[in-house]
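See below for the structure under consideration.
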Amino acid sequence: MDSTAADAAVAGPGGGPAIYFDGLSSRRQEVVVAFKEALEITADGLSPVSSQVSSQVSSSVSSQVSSSVSWAYSDIRRADSGPGTLRVACLSAPSLARLEIRDAAVAAELMSRCALLGDNRLGGRGIAKIVGWSLAATISIVVVVLFAIPLAADRLTPLVPEAFEQRLGDAAAVQLKTLFGGRVCDTAAGQAAFSKLIDTLRKSADLDLLVQPTVLATPIPNALALPGGRIYLLNGLLAKAETPDEIAGVLAHELGHLKHRDSMRELIYNGGTSFLIGLLFGDVTGSSAVIFASRSLVTSSYSRDAEQNADTFSIDVMQRLGRSPKAMGELLFRVTGKEGNRSLSILAGHPLTEDRLKRMSEADRPASGSPLLTDTEWSALKSICGPGKS
Amino acid sequence: MNQASFVPQHPPALPPVPVAFSGNRGDFFRLAARGAALELVTVGFYRFWLVTDIRRHLWSHTVVDGDAAEYTGRAKELLIGFLFALAILVPIYLAYFLISVEAERYKAFASFPLVVGFYAFGQFAIYRARRYRLTRTVWRGVRFWMDGSGWAYAWRAMLWGLLALLTLGLIFPWREAALERYKMQHSYYGELQGSFEGRGWELFKRCWWLWLLSPVAIVLFPLAPFFYAEFKAREWRWWLSGIRFGGVRVESTLPRTALYGLYWKVIGWFMLLSIVTGAYFGLCGFLFAKISGAEPDTLTKSIPLLILFGIGYLAMILSLNVVMRLYLQRDVWAKVSGLLQVHGIEAAANVAVRGDLASALGEGFADGLDVAGF
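Residue numbers (our numbering), protein chains in the order written: chain A, 1 to 390; chain B, 391 to 764.
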């Protein structure tokens with residue numbers, strides 16, 4: 001700004017040819033630039049610029065053709081261009097007005113006069129800023145996933161109306177039946193024994209919610225609780241069980257899930273974490289491998305806690321009934337075997353079976369209560385899906 | 391409005407001008423490699439800046455009639471668009487969840503039709519993303535722009551999609567032509583209105599045998615890249631040759647075999663990177679077993695080894711990212727634009743500026759929904 005025209009004449013070329021687009025039309029104008037107090041852009045006197053105006057151009061544009069424009073050096077910014085061309089814009093001119101200089105000496109002179117030329121480029125500091133903010137965002141998301149969402153899930157779960165949970169359970173039940181073939185075992189004697197077992201556990205646990213227990217005919221050894229009081233015992237597990245206490249322990253565990261409303265909490269928790277982690281990696285629906293990996297790491301630790309609590313509940317109920325809490329651990333061990341070598345403990349949704357068995361064995365006491373089922377009732381329950389079929 | 395009527399007033403038809411791509415491949419590689427590294431460090435947030443840098447590079451090295459184009463979009467716009475899209479998508483996801491619970495009560499997987507709703511949203515995003523890109527494209531100090539409605543487009547795309555489903559994809563060329571016609575009729579360069587002259591029948595004539603042979607490609611899958619490259623080249627050529635802006639006509643001479651090499655190079659790199667990563671995994675496991683003396687089946691339990699595996703996996707993903715950007719974005723762009731000719735460029739010699747900038751909301755939706763389109 002403080003260099004005068006006289007300095008410029010000594011330091012470098014006083015001007016040169018350029019191409020000018022006025023930002024109001026696509027007309028390509030050959031101009032001469034001169035380095036004065038400001039950059040003077042003058043239409044090449046000899047070229048009949050205005051005569052090129054054709055019928056296409058509205059009058060407002062043709063009236064804009066000016067013989068001279070001046071751009072302040074501090075307002076000039078570089079715009080993207082191909083190699084061998086310096087293309088600049090000006091903050092005080094129309095936003096798309098462009099000056100293109102192909103003469104290297106003129107371009108160098110202009111660059112030396114415009115201190116703020118490259119202001120719209122992303123420099124090292126800009127990148128450092130992006131990195132810093134991304135790290136901050138990552139940390140805050142991690143903190144939210146680890147602390148805020150579990151808290152929110154705990155607080156929100158009691159606020160969810162029972163009716164909605166019931167509906168959720170209904171929806172899940174329809175899907176579950178489709179997945180497992182859907183055959184419900186309801187031999188009269190077996191169903192009576194099953195209801196008796198559930199009722200005994202429910203009374204002992206002081207649970208007043210409505211429980212709908214069902215046995216499904218599938219060889220998969222598992223049991224699960226759905227929101228709204230549905231408990232599913234899969235026949236595969238029943239076939240592997242040797243005493244009523246084993247099944248009672250498992251059912252008490254599932255009742256524990258119902259009492260703590262774990263499905264609802266896990267739903268809120270899983271939804272929240274997958275959404276946030278998806279946000280972090282730029283995919284809201286959450287499908288890529290990284291998301292899957294980090295999600296399973298985080299959510300499995302959460303569900304391990306829930307399982308631990310349900311186990312505690314089961315142990316309590318069995319002790320109150322004077323029956324062995326260890327029986328459930330033995331059944332689990334029979335189903336899964338020793339897990340320690342096969343799976344990574346931090347990825348597992350359950351605590352390792354051997355750890356659970358150990359915990360239940362420690363809580364074991366000699367049986368003091370009466371058996372939960374008579375021998376006839378037990379064999380009726382075992383064959384609830386029809387005689388001789390697993 | 392019919393700008394084409396001006397053409398007869400310019401009697402001497404000038405020879406077509408070629409489009410040239412002057413970008414340096416090394417420059418682009420450095421751009422993509424640095425971007426991939428920064429994407430890793432910023433857990434993906436750098437993608438907005440990388441995408442912007444790539445577009446700036448491609449646009450500013452594409453020279454039409456001696457003047458290079460310019461991309462004036464900025465990464466911050468994309469970031470804001472993404473955040474806006476999130477603010478809109480979150481309640482939609484929540485509503486989607488509640489509705490699907492209700493639907494599933496009556497019949498398992500009855501909520502599947504809701505996926506159709508997301509498809510419509512994706513089509514909307516494709517239209518709006520194109521609008522953003524077009525309004526950030528400047529040539530000779532005049533920007534392109536677009537009007538029309540994203541939802542009207544999504545509606546058309548859905549109906550055509552249904553027809554394509556019913557005809558097993560046979561109607562795909564007509565779908566492409568109709569949708570492109572809608573997009574181009576609402577595109578402008580300054581005051582020059584665009585149009586699309588490509589006909590579905592033309593594309594069908596060029597590609598019907600690929601459609602017939604597609605079951606073969608599923609069985610003999612090494613043939614699939616050939617088929618895809620052949621189809622893509624034919625589609626590019628058909629699409630570009632149909633583009634008009636007033637009296638300006640674009641013509642592509644892309645040979646049908648032009649993209650074979652590029653797709654095979656990507657596959658070659660993919661195989662090479664997979665082998666290298668596999669070897670790295672094997673070596674890590676072997677060395678780890680040697681040093682710690684652990685049994686092979688306990689290896690999957692060790693955390694340090696998993697971290698080493700994770701690093702290898704990320705390195706592979708990042709290199710693959712660079713390979714895809716280099717071959718499938720830069721090289722395809724260079725090849726396709728290098729074989730373009732523009733007829734009647736004199737009609738664009740003096741076009742007045744018109745149209746407004748569009749927001750990057752569409753790009754944000756496209757990012758959030760993971761849809762891609764052009």
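Glycine included, C-beta positions come from ideal geometry on N, C-alpha and C.
Who are the near neighbours of residue i in its chain, counting only those whose CB is closer than 7 angstroms to its CB and skipping five residues on each side?
{"i": "T432(B)", "result": "none"}
{"i": "R446(B)", "result": "Y461"}
{"i": "A750(B)", "result": "E467, L468, I470, G471 and Y522"}
{"i": "I589(B)", "result": "Residue identity check: residue 589(B) is Arg in the sequence provided, not Ile. Counting only Cβ-Cβ distances below 7 angstroms, and skipping sequence neighbours, we find A567."}
{"i": "K389(A)", "result": "Residue confidence is low: K389(A) scores 44 on pLDDT, short of 50, so the model does not pin down where it sits. No coordinate-derived value is stated."}
{"i": "C385(A)", "result": "C185, V215, A217 and N235"}
{"i": "D201(A)", "result": "It should be pointed out that residue 201(A) corresponds to Leu in this sequence rather than to Asp. Counting only Cβ-Cβ distances below 7 angstroms, and skipping sequence neighbours, we find A248, L251, A252, L255 and V317."}
{"i": "W654(B)", "result": "P615"}
{"i": "H451(B)", "result": "F411, S412, G413 and A458"}
{"i": "N309(A)", "result": "G256 and H260"}
{"i": "E429(B)", "result": "Y436, R437 and L440"}
{"i": "R464(B)", "result": "T442"}
Which class does residue i belong to by DSSP, given the choice of helix, strand or coil?
{"i": "V53(A)", "result": "Its pLDDT being 38, under 50, V53(A) is placed unreliably in this model, and the value from its coordinates should be taken loosely. It is coil, neither helix nor strand."}
{"i": "D746(B)", "result": "coil"}
{"i": "A72(A)", "result": "coil"}
{"i": "A38(A)", "result": "coil"}
{"i": "L116(A)", "result": "coil"}
{"i": "H257(A)", "result": "helix"}
{"i": "P17(A)", "result": "strand"}
{"i": "E242(A)", "result": "coil"}
{"i": "S642(B)", "result": "strand"}
{"i": "F755(B)", "result": "helix"}
{"i": "E581(B)", "result": "coil"}
{"i": "D103(A)", "result": "coil"}
{"i": "D330(A)", "result": "The amino acid occupying residue 330(A) in the given sequence is Glu; Asp does not appear at that position. Note: E330(A) maps to helix in three-state DSSP."}
{"i": "L558(B)", "result": "coil"}
{"i": "I411(A)", "result": "Shown here, chain A extends from 1 to 390; a query on residue 411(A) therefore has no answer."}
{"i": "L226(A)", "result": "strand"}
{"i": "V88(A)", "result": "strand"}
Around the Cβ of residue i, are there at least 16 other Cβ atoms within 10 angstroms (buried) or fewer (exposed)?
{"i": "F147(A)", "result": "exposed"}
{"i": "V215(A)", "result": "buried"}
{"i": "G15(A)", "result": "buried"}
{"i": "V606(B)", "result": "exposed"}
{"i": "G700(B)", "result": "exposed"}
{"i": "W598(B)", "result": "exposed"}
{"i": "S370(A)", "result": "exposed"}
{"i": "T647(B)", "result": "exposed"}
{"i": "A458(B)", "result": "buried"}
{"i": "G82(A)", "result": "buried"}
{"i": "W71(A)", "result": "buried"}
{"i": "S60(A)", "result": "Caution applies to S60(A), whose pLDDT of 41 falls short of 50 and renders its modelled position unreliable; the model cannot decide the point."}
{"i": "V366(B)", "result": "Because chain B spans 391 through 764 in this model, residue 366(B) falls outside it and cannot be assessed."}
{"i": "L611(B)", "result": "What sits at residue 611(B) in the sequence shown is Phe, not Leu. So F611(B) counts as exposed."}
Just to confirm my understanding: we take residue i, look at its own chain, exclude 5 residues before and 5 after, and list those with CB closer than 6 angstroms. What are they?
{"i": "S631(B)", "result": "E641 and S642"}
{"i": "R320(A)", "result": "S204"}
{"i": "G169(A)", "result": "L226, P227, G228 and R230"}
{"i": "E254(A)", "result": "A223, A225 and I231"}
{"i": "Q513(B)", "result": "A544 and A547"}
{"i": "S47(A)", "result": "Model confidence at S47(A) stands at a pLDDT of 42, short of 50, so the residue's coordinates are unreliable; what they give is reported in the following sentence. Once the five neighbours on either side are set aside, the close Cβ partners of S47(A) are E30."}
{"i": "I561(B)", "result": "L553 and A554"}
{"i": "V409(B)", "result": "V454, S727 and L730"}
Sorry if obvious, but does the Cβ on residue i come closer than 8 angstroms to a heavy atom of the ligand GDP?
{"i": "T527(B)", "result": "Questions concerning the ligand GDP fall outside what the structure shown contains, since it holds no ligand whatsoever."}
Just to confirm my understanding: we take residue i, look at its own chain, exclude 5 residues before and 5 after, and list those with CB closer than 8 angstroms. What are they?
{"i": "D154(A)", "result": "R265"}
{"i": "C674(B)", "result": "L695, L698, F699 and G702"}
{"i": "P150(A)", "result": "Y269 and Y302"}
Exercise for review: Determine which residues of the segment 64-89 of chain A have a Cβ less than 8 angstroms from any Cβ of chain B, and write them out in chain order.
Suggested key: A79, D80, S81, G82, P83, T85 and R87
Review point. Are there three or more Cβ pairs, one per stretch, closer than 8 angstroms when the segment 481-490 of chain B is compared with the segment 549-565 of chain B?
Key: no
Review point. If we count Cβ pairs, one from each stretch, closer than 8 angstroms, do we get three or more for the segment 184-202 of chain A versus the segment 125-134 of chain A?
Key: In short, these stretches do not touch, since the Cβ pair count stays below three.
Review point. Which residues, in order along the segment 427-438 of chain B, keep a beta-carbon less than 8 angstroms from a beta-carbon of chain A?
Key: Residues of the segment 427-438 of chain B whose Cβ lies closer than 8 angstroms to any Cβ of chain A, in chain order: L428, V431, T432, V433, G434, F435, Y436 and R437.
Practice item. Give, in chain order, every residue of the segment 130-162 of chain A whose Cβ lies closer than 8 angstroms to some Cβ of chain B. Key: I130, V131, W133, S134, L135, A137 and T138
Practice item. Assess, as a yes-or-no matter, whether the segment 726-746 of chain B is touched by the segment 666-686 of chain B under the definition of 3 or more beta carbon pairs within less than 8 angstroms. Key: The segment 666-686 of chain B, when compared against the segment 726-746 of chain B, does not touch it at the 8 angstroms Cβ threshold.
Review point. Does the segment 531-542 of chain B touch the segment 561-580 of chain B, meaning 3 or more C-beta pairs lie closer than 8 angstroms?
Key: For the pair of segments examined, the segment 561-580 of chain B was found to touch the segment 531-542 of chain B: the number of CB pairs separated by less than 8 angstroms reaches three.
Check your understanding: Are the segment 98-107 of chain A and the segment 470-485 of chain B touching, with three or more C-beta to C-beta distances below 8 angstroms?
Key -> Segments in contact, no.
Practice item. Determine contact between the segment 314-328 of chain A and the segment 364-381 of chain A, defined as no fewer than three beta-carbon pairs at a distance below 8 angstroms. Key: yes
Practice item. Give, in chain order, every residue of the segment 9-41 of chain A whose Cβ lies closer than 7 angstroms to some Cβ of chain B. Key: F21, D22, G23, L24, S25, S26, R27 and R28
Exercise for review: Closer than 7 angstroms, Cβ to Cβ, to anything on chain A: give me those residues from the segment 575-596 of chain B, in chain order.
Suggested key: G580
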